[in-house]
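S.K.:
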């Protein structure tokens, strides 16, 4: 089975959250990870809804990125706000997708998420470096919904 009921144990959640925190030190962008235990709709649509529900569309520079994992469907989706989307390009999003696909196929979920966060932060840092007085607009915690 590609995904199990509890995708990440607590230590792995902490690794992903630490990666988000480290990534956001080099950018004013915001990165979130959401894990949906049961998602019966299209993962991309669910990611778009979750993106708005978490207030990610309200970042000052429109530079939020959400990685959503739909556990029961064994799929994931990546959503970026308009600020980052124009710089990321399809090749950039494909790179993040490929990282996740490769690691997830190996059962290395936390590693895949950490690498994906680093890849996103690299592009964010190029176009949205930290600014003086920058604040963390959104929590770095992984959102788990069952």
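Residue numbers (my numbering): 683 to 828. By construction, the Cβ of each residue, glycine as well, lies at the ideal position given by its N, Cα and C atoms.
(1) Does DSSP put residue 713 in a helix, a strand or coil?
(2) In the DSSP output, what is residue 758 paired with across the bridge?
(3) If I measure Cβ to Cβ from residue 728 and keep anything under 8 Å in the same chain, skipping five residues before and after, which residues do I get?
(4) Apart from the five residues just before and just after residue 782, which ones in its own chain have a Cβ nearer than 7 Å to its Cβ?
(5) If we call anything under 8 Å between Cβ atoms a contact, is residue 736 one with residue 820?
(6) Can you grab the Cα-Cα spacing for the pair residue 715 / residue 813, in whole Å?
M.R.: Taking the coordinates as given:
(1) Strand, per DSSP.
(2) Paired residue(s): 751.
(3) Contacts found: 718, 721, 750, 752 and 759.
(4) If we look at residue 782 and ignore the five residues flanking it on each side, its Cβ neighbours are 758, 794 and 798.
(5) A contact, by the Cβ cut-off of 8 Å.
(6) Their backbone Cα atoms lie some 23 Å apart in a straight line.
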